[in-house]
Every structure is written in C-alpha cells, then in structure tokens.
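These notes are about the structure you will find just below.
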Amino acid sequence: MSDPDGRFAAPPNSEGPRSERLFNAPVAVVLIALSMPVLFFFQRQLPDMGAAMAFAPIDLQNGRWGGLFTAMLLHGSWTHALMNAIGALAFGAPVARLFGDRIGPTVFLLFYIGCGVVAGLGYGLVHWGSTEAMVGASGAVFGLIGAATRLMGGRGRVLNLFDRRVIGASIAWMAVNAVTGLIGYAPGAEGARIAWEAHAFGFIAGLLVIGPLGRAFGKGPLPMGTSARPESDV
Numbered sequence: 000m001s002d003p004d005g006r007f008a009a010p011p012n013s014e015g016p017r018s019e020r021l022f023n024a025p026v027a028v029v030l031i032a033l034s035m036p037v038l039f040f041f042q043r044q045l046p047d048m049g050a051a052m053a054f055a056p057i058d059l060q061n062g063r064w065g066g067l068f069t070a071m072l073l074h075g076s077w078t079h080a081l082m083n084a085i086g087a088l089a090f091g092a093p094v095a096r097l098f099g100d101r102i103g104p105t106v107f108l109l110f111y112i113g114c115g116v117v118a119g120l121g122y123g124l125v126h127w128g129s130t131e132a133m134v135g136a137s138g139a140v141f142g143l144i145g146a147a148t149r150l151m152g153g154r155g156r157v158l159n160l161f162d163r164r165v166i167g168a169s170i171a172w173m174a175v176n177a178v179t180g181l182i183g184y185a186p187g188a189e190g191a192r193i194a195w196e197a198h199a200f201g202f203i204a205g206l207l208v209i210g211p212l213g214r215a216f217g218k219g220p221l222p223m224g225t226s227a228r229p230e231s232d233v
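With the first letter of the sequence shown counted as 1, position 16 gets the number 15 in numbering that gives the first Met the number 0; the numbers rise by one all the way through.
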C-alpha cells in the first residue's frame, strides 16, 4: 500500500526504525477502560443496581448535582460497559499522549470527567424536569471521540477546528449519533432510551476544549491548510 502523504512515517525526532509494542496505550486510558466492567460487576451486587446513583434531569431542579458524576460509574448491561470501555481505549489513547507523562494523566482524567459532566448537564437541560434516569460513561467517551477527531491526521498536533477533515468527521459522528438515537437501537441498550443528546454535548465539549489544552501543552491547533509534516513540529 502506497503512502503518498507520509501518514505512517516515523514521528518527529525519531531515532530511526524501531519495533513498536503490540499494546502501548497510556496507563491512565487502560485504567479507565478496565474500571468500566469492574465497576459494573460491583454495581450488579447492589440491591438497586445502582439506581440511587443515576442521574435524572429533575435532579438539577432539586439541587442534586452528584449524579452528573456518579452516573458515569454505572452501566445498563455488560455490553454497554464493554462498548464504552473499547471506545475509551481506542479514542482516549491519542488524547492522553497529547498531554504527556508528567501531569498528563491527571489532565486526561479531569478532561474525561469534565466531558462526562458537560454531557450529563446538557442532557438535563434538554430534558428539563424529566424523571427518566440516565447512566453510562458514553458522554465522556464521546468527549474523547470529539478530541480525537482533531488529533487524527495531525501527527501529535491538534488540527484547526475548521479543518475540512475535522468538519467532515464531526458531521459523520453526529449523523450516526442522531440516527442511532432516533431509531432507538444501539448495542447494550436493551430497550432503554439512548441519551444521544448527552453524546452530542460530550462530543462538542471534547472537540472545543482540546484546542486550548493543546496550546497549553505546546501542541496547539495547526493553521488551516497546514500539512502536519514532521518539520512543522520543530
């Protein structure tokens, strides 16, 4: 297979060809992914299956904000938990690598939680006053997807928000998300309503916030039309 764009070339400052580990996802990403099935195992031992920790939009009216966080720790089924774990592992890796190794894991964790909270908050505002509970880390995972959308093809740099690749991928993700929500089917949903609005808010949060974070870590958005060649990172 040809590689005219150099997408598979060695990264900047590479010391030449070297073997890659088969599994090299950052530890923070692996721990978050593993936590989902582990927490679901313990969730199943609870008398109410964790219903007391779920989030419902009416909680915002009643001043109960804790559910915005605790709902991320719950899932509706094994399939639901495993699908989110796979998503976190796949899309969280490039995001975590952007932040580096020193304070990077802490920043990554806060970013992940922040996207999940924004997702839940957005869902709560759209369905203001509803008593229908929501669980799952899908909103936070969609935040990672949004961030990764601006990293794919950037060779370790954040692509400009209005880069055609970012716009095209974002439209595709949101179209699939909306259709899935309207059809009401997704693996692991098992008849439950899909909180596609939360996914959208999480995605938008990740898409926007990764820009300032990239600048903070010296890997800010590339100018529009700039090709992410190795020399551009010097």
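Each residue gets a CB set at the ideal place from its N, CA and C atoms; glycine is no exception.
What's the call for Thr148, buried or exposed, on a 16-neighbour Cβ count within 10 Å? Note on Thr148: 16 or more other CB atoms within 10 angstroms of its CB, so buried under the neighbour-count rule.
With 16 other CB atoms within 10 Å as the buried threshold, where does Glu196 fall? buried
heavy atom of the ligand MG below 7 Å from Gly113 C-beta: Among the ligands in the structure shown, none appear at all, so the ligand MG cannot be discussed.
What span of residues does the alpha helix (DSSP H) with Asn83 cover, start to end? That run of the alpha helix (DSSP H) goes 77-98.
Which residues share a DSSP beta bridge with Phe54? Met133
What's the call for Asp100, buried or exposed, on a 16-neighbour Cβ count within 10 Å? exposed
Just tell me which of Ser34, Val178, Glu131, Gly155 has its CA closest to the CA of Gly214. Note on residue identity: the sequence assigns Arg, not Gly, to residue 214. Looking at the Cα atoms, Gly155 is the closest of the given residues.
So Ala87 and Leu73 are supposed to be a Cβ contact under 8 Å. How far apart are they, rounded? Not confirmed; about 15 Å, so no contact.
Taking all protein chains shown into account, decide if Arg20 is buried (16 or more other Cβ within 10 angstroms of its Cβ) or exposed. Here Arg20 scores only 47 on pLDDT, less than 50, and its place in the model is too uncertain to base an answer on.
Going by other Cβ atoms of all chains shown within 10 Å of its Cβ, with 16 needed for buried, is Val175 buried or exposed? By the neighbour-count criterion, in which 16 or more other beta carbons inside 10 Å mark a residue as buried, Val175 falls on the exposed side.
If you count every other CB in all the chains shown that lies within 10 Å of the CB of Asp58, and 16 or more means buried, which is it? Counting C-beta atoms within 10 angstroms of its own C-beta, Asp58 has 16 or more neighbours from the protein chains shown and is therefore classed as buried.
Anyone know if the C-beta pair for Phe98 and Phe216 falls short of 8 Å? yes
Do Val28 and Phe110 have their C-beta atoms closer together than 8 Å? no
Report yes if the C-beta distance between Phe141 and Ala177 is below 8 Å; otherwise report no. no
Give the straight-line distance between the Cα atoms of Trp127 and Asn23, rounded to the nearest whole angstrom. Distance from the CA of Trp127 to the CA of Asn23, rounded to the nearest whole angstrom, comes to 42 Å.
Secondary structure at Trp253, three-state DSSP: helix, strand or coil? The displayed coordinates of the chain run from 0 to 233. Any statement about residue 253 would go beyond what the structure contains.
I need the boundaries of the alpha helix (DSSP H) containing Gln42, first residue and last residue. 26-42
I'd like the list of long-range same chain contacts for Gly190, defined as Cβ closer than 8 Å, with 5 residues on each side in sequence excluded. Any reading at Gly190 must be qualified, since the residue scores a pLDDT of 48, below 50, and its modelled position is unreliable; the value itself is stated next. Excluding positions up to five away in sequence, the list is empty.
Comparing C-alpha positions only, which one of Ser76, Ile170, Ala146, Ile193 sits nearest to Pro220? Ala146
Rounded to whole angstroms, what is the Cα-Cα separation between Ala234 and Met35? Absent from the structure is residue 234, since the part of the chain shown begins at 0 and ends at 233.
Can you say whether Gly201 is buried or exposed, counting buried as having 16 or more other CB atoms within 10 angstroms of its CB? Classification of Gly201: buried, given that the 10 Å Cβ count is 16 or more.
Please state whether DSSP places Trp195 in a helix, a strand or coil. helix
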